[in-house]
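Novice: Going line by line, the protein sequences match chains S and F.
Residues 19 to 436 in the working numbering are what the first sequence lists, from first letter to last.
Residues 19 to 436 in the working numbering are what the second sequence lists, from first letter to last.
Every residue gets a Cβ at the ideal spot worked out from N, C-alpha and C, and that includes glycine.
2 protein chains.
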Amino acid sequence: MMTSREQALAIDSDDELAHLRNQFDLPEGLIYLDGNSLGALPRATATRLQEVVQREWGQGLIGSWNDAEWATLPARIGNKIAALVGANPGELVVADSTSVNVYKALSAALELALAAQPGRRRILSERHNFPTDLYIAESLARQHGCELVLADEPGQIPALLNEGDVAVMMLTQVNYRTGRMHDMAALNRQAHQAGTLALWDLAHSAGAVPVDLNGDDADFAVGCGYKYLNGGPGAPAFIWAHARHADHCRQPLSGWFGHAAPFDFTPSYAPAPGSSRFLCGTPAVLAMSALECGVDTVLAAGGMERLRRKSLALTRLFIELVDAHCDGHGLLLVTPREDAQRGSQVCLALADGAYAVMQALIARGVVGDFRAPDILRFGFTPLYTRYADVWDAVQVLTQVLGTGCWREARYHDKGAVT
Amino acid sequence: MMTSREQALAIDSDDELAHLRNQFDLPEGLIYLDGNSLGALPRATATRLQEVVQREWGQGLIGSWNDAEWATLPARIGNKIAALVGANPGELVVADSTSVNVYKALSAALELALAAQPGRRRILSERHNFPTDLYIAESLARQHGCELVLADEPGQIPALLNEGDVAVMMLTQVNYRTGRMHDMAALNRQAHQAGTLALWDLAHSAGAVPVDLNGDDADFAVGCGYKYLNGGPGAPAFIWAHARHADHCRQPLSGWFGHAAPFDFTPSYAPAPGSSRFLCGTPAVLAMSALECGVDTVLAAGGMERLRRKSLALTRLFIELVDAHCDGHGLLLVTPREDAQRGSQVCLALADGAYAVMQALIARGVVGDFRAPDILRFGFTPLYTRYADVWDAVQVLTQVLGTGCWREARYHDKGAVT
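#1: Where do the N-terminal and C-terminal ends of the beta strand (DSSP E) with F/Gln208 fall, by residue?
#2: Would DSSP call S/Gly397 helix, strand or coil?
#3: Have a look at F/Phe336 and F/Glu24 and give me their C-alpha separation to the nearest angstrom.
#4: Which residues in the same chain have their Cβ closer than 7 Å to the Cβ of F/Pro254, if we skip the five residues on either side of it in sequence?
#5: So is F/Leu59 in contact with chain S if we call contact Cβ pairs under 8 Å?
#6: How long is the line joining the alpha carbons of S/Gly292 and F/Ala236, rounded to whole angstroms?
#7: According to DSSP, which residues form a beta bridge with S/Pro289?
#8: Given that F/Glu156 touches chain S, what residues does it touch there, using C-beta distances under 8 Å?
#9: Since F/Cys298 meets chain S, which of its residues come closer than 7 Å, beta carbon to beta carbon?
#10: Buried or exposed: F/Thr421, going by 16 or more other Cβ atoms within 10 Å of its Cβ?
#11: Among the residues of its own chain, which have a CB less than 6 Å from the CB of S/Trp88, if the five just before and after it don't count?
#12: How far does the beta strand (DSSP E) with F/Gln363 in it reach, from first residue to last?
#13: S/Ser294 to S/Gly104, Cα distance in whole Å?
#14: State whether the segment 72-82 of chain S contacts the segment 260-278 of chain S, with contact taken as three or more CB pairs (one from each stretch) at a distance under 8 Å.
#15: By Cβ distance below 6 Å, which residues in the same chain neighbour F/Ala86 in space, the five residues on each side in sequence not counted?
#16: Kindly identify the DSSP beta-bridge partner or partners of F/Val337.
#17: Going by DSSP in three states, S/Ser143 sits in which element: helix, strand or coil?
#18: S/Trp88 versus chain F: which residues are under 7 Å apart at the beta carbon?
#19: Could you check the C-alpha separation between S/Val414 and S/Leu379 for me, to the nearest Å?
#20: Please list the terminal residues of the continuous alpha helix (DSSP H) segment that includes S/Val408.
#21: Report buried or exposed for F/Leu350, applying the criterion of at least 16 other Cβ atoms within 10 angstroms of its Cβ.
#22: By DSSP's criteria, S/Arg360 is part of a beta bridge. Which residues make up the other side?
#23: Residues of chain S with CB closer than 9 Å to the CB of F/Phe256, please, in chain order.
#24: What residues from chain S crowd round F/Gly76, counting only those whose CB sits closer than 7 Å?
#25: Report the rounded CA-to-CA distance for S/Asn48 versus F/Ser117, giving the unit in angstroms.
#26: From the DSSP secondary-structure annotation, give me the bridge partner or partners of S/Arg437.
#27: Under the three-state reduction of DSSP, which class applies to S/Met20: helix, strand or coil?
#28: Identify which residue in F/Glu129, F/Asn54, F/Tyr153 and F/Pro107 has its Cα closest to the Cα of S/Pro280.
#29: Scan the segment 19-69 of chain F and note each continuous alpha helix (DSSP H) run of 4 residues or more that stays entirely inside, going in chain order.
#30: So what does DSSP say about F/Glu87, is it helix, strand or coil?
#31: What does S/Gln174 touch in chain F if you count any residue whose Cβ is under 8 Å from its own?
#32: Apart from the five residues on each side of it in sequence, which residues of its chain come closer than 8 Å, Cβ to Cβ, to F/Glu165?
#33: Assuming contact is defined by CB atoms lying nearer than 8 Å, are F/Arg326 and F/Val229 in contact in what I supplied?
#34: Applying a beta-carbon distance threshold of less than 9 Å, which residues of chain S neighbour F/His277?
#35: My output table needs one value for S/Leu486: the three-state DSSP class, helix, strand or coil.
#36: Indicate whether S/Val385 and S/Leu38 have their beta-carbon atoms separated by less than 8 Å.
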């Protein structure tokens, strides 16, 4: 059990991943525990963007689609992300937003499932899945005459699958509000036994925990570029289809960049081979160039297993220190204590005043975020979070809770919460 | 009739818009006639992006969603574009790619049209419309059990409307291959008389020609950020719905940023009021910040009518000079000579060797582009194109055609053409 800041500093000085923090430009004195919402700025990004803007766009102009290889950005960055999530080269592409990709992947999965088993009419997800996934599923359920069934708790999923009428199971591997992580391999097995296709949202997984899409036999996946991949605010997202589906599925956003021969300008659509068919419009070159710098910071760790070890050590330490120092203030740990069920974040519920406590923490330089109605959310990005940061964060949290000074913060509340 | 370069220089020195070129960073000595494909780099963009990356993202981190007003970028830049296309503030938003927005707008229009007149089963467009629009229409036609009907020539459109079974007419105002411009007001009138909704793609219109969406009574519109709006490669696009539809239509890409209360994290979708419902995922902050700089360069002209006058003068001059200097080489003008039917580009067909001629032009510093199978395409962005550029471009074209030296260029051809 850690009892002093010196102990934390000692672990930091032995940390073989400590140097990875130098890849980032972090504000002096800030403890940033919100990389699960917006990853920090890699040092390489500003320079790279200047190069893309001034040399590739400004000087190269239209020729840069070939000369600077803009046209292959979705596949090139896709291959880098593929290495982080257990996908093979060529199987994963970068495109659009996570929400748009959920639409493509869920639509593709539904069409395959309904063609194979026309009687099925259910999409299965969780009530506490990130809302955008549910909104998109609602739209596609309506379009296909399906029903969106929501499990109230993860434990209900196997029974719902066993009812035998679920076409597609769509889950987010690590829950945004609780940090709870599903067992992807087990759920894929259960889904397939029930004749159901499995679609995974890796928004809080990619770059945060080891993912093995092929090894765990998933069917489709999407993920986010601006959280643990450090791609910048609103960075492009990614999409993957298992090789057994990629050449056979159809996605409705059939734009020219997903065409087999976009520059033939033929009036009829013919999908590109494999996952390239998931591209739609012209690639967002500036945003993708920034994303590539972010993905490179994760690749620099030399493997997700190393990051996972540190991530678990950080979240475990945070939980232990909160247990030891914050007793009696009504905090409730909503993130599982079992390592295998925990992503790279820890969430604490506080029935009264969670929003104000988070504002007080932020005012004192500890940045997490608040999720309505009562969740304090802390993300631990192993690339740039130090053990001493965890110690300090809990000290500040203890202080805020103990003095009650956070009650004043209520008067400084802003309307919007992100 | 212009007979010397001095005359062109004299017009440039009298040009009240000449100073607008200083807003751009253009390569020395290059005549860039491809702003209809990728707009040139505004000088302001690099600095603005550095500010967004280093200060807003790097220092402000997650707080910048409020503090740097990232969350309102789609509406703020949307309002600026609205002023260029005859839309009211609040009616137009920036989001996603043009292809994705075609999907949203066409789907919304189709649902409205089919609800009002369930017997209709046709989407009307043109065979020579930009392919991505047709690919998306094909997908939605399939989804709704409709037929995509393609006019071979603009003149066929009224008769096809009069058949009375067209739900939605989807046209690009200025054709990408010919530069021909439709009469939007007249076609909207004809469409509405036939009970048809009108959806316009403004990819080659916004920032290029005056557009009056409300005045001309359009129903839906989308457009591109990286052509005449100078937003950078793959810049975000825009989408507009007439106020009579915006609160009543549904679009299928129902992501969280188009929700009435995204930060309430409710599991059910409820669309935001008006055109905000056309947003889907998290806004692409870096890309939108670059787009804003581009849009500002157009607003600096002080009105589309002033830009239009210069644009027409430039294209007219180009046509006159090609007539005078390039006779006998088999060039065919495919762009209308009538001002009212011409966008801001001029296209010449050349049955044999068009691709090689364009390569030879580019090698000599005159950048247009090639569109299969036989089109030489020249865009004239009035913000940065000078009359002397037009003179020089035709001189180089004459030289390339006359010496036949372009035949050598065939051996340097690259595979991909953008």
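Specialist: Judging by the given coordinates:
#1: For F/Gln208, there is no enclosing beta strand (DSSP E); the residue is part of the alpha helix (DSSP H) that begins and ends at Met202 to Gln211.
#2: In the structure shown, S/Gly397 sits in a strand (DSSP, three-state: E or B).
#3: Computed Cα separation, rounded: 16 Å.
#4: Excluding residues within five positions, the ones whose Cβ falls inside 7 Å are Val112, Ala113, Asp114, Gly243, Ala302, Ala305, Met306 and Leu309.
#5: Yes - at least one Cβ of chain S is within 8 Å of the one on F/Leu59.
#6: For S/Gly292 and F/Ala236, the distance between alpha carbons rounds to 38 Å.
#7: Answer is S/His277.
#8: Result: Ser272, Ser286 and Tyr287.
#9: Those within 7 Å of F/Cys298 in chain S are Ser115, Ser117 and Val118.
#10: It counts as exposed.
#11: Cβ neighbours of S/Trp88 beyond the five flanking positions: Ser82 and Val303.
#12: First-last of the beta strand (DSSP E) with F/Gln363: Gln363 to Leu368.
#13: As the crow flies, the alpha-carbon of S/Ser294 is around 18 Å from that of S/Gly104.
#14: Not touching, per the Cβ criterion.
#15: Closer than 6 Å at Cβ, skipping near neighbours: Glu74 and Gly78.
#16: Rather than Val, the amino acid found at residue 337 of chain F in this sequence is Ile. DSSP lists no beta-bridge partner residue for F/Ile337.
#17: The answer is strand: DSSP assigns S/Ser143 an E or B state.
#18: Neighbours of S/Trp88 on chain F, chain order: Pro251.
#19: Roughly 7 Å between the two C-alpha positions.
#20: Element bounds for S/Val408: Tyr405 to Thr421.
#21: The residue is exposed, with fewer than 16 neighbouring Cβ atoms inside 10 Å.
#22: According to DSSP, S/Arg360 bridges with S/Arg198.
#23: Simply none; closest approach about 13 Å.
#24: Those within 7 Å of F/Gly76 in chain S are Asp43 and Leu59.
#25: One point to set straight first is that residue 48 of chain S is Leu, not Asn, in the sequence displayed. If you take the alpha carbons of S/Leu48 and F/Ser117, they lie about 41 Å apart.
#26: Since the first residue of chain S shown is 19 and the last is 436, residue 437 of chain S is not available in this structure.
#27: Three-state DSSP puts S/Met20 in coil, outside helix and strand.
#28: Cα-wise, what sits closest to S/Pro280 is F/Tyr153.
#29: Runs of the alpha helix (DSSP H) spanning 4 or more residues and lying entirely within the segment 19-69 of chain F occur at 23-32 and 61-68, in chain order.
#30: Reduced to three states, the DSSP call for F/Glu87 is coil.
#31: Simply none; closest approach about 15 Å.
#32: Residues of the same chain with a CB within less than 8 Å of the CB of F/Glu165, apart from the 5 flanking positions on each side, are Arg139, Arg140, Ile141 and Ala159 in chain order.
#33: Cβ distance not < 8 Å, so F/Arg326 and F/Val229 don't count as in contact.
#34: The answer, in chain order, is Pro149, Thr150 and Tyr153.
#35: This structure leaves residue 486 of chain S out entirely; chain S is present only between 19 and 436.
#36: Taking 8 Å as the Cβ cut-off, S/Val385 and S/Leu38 do not qualify as a contacting pair.
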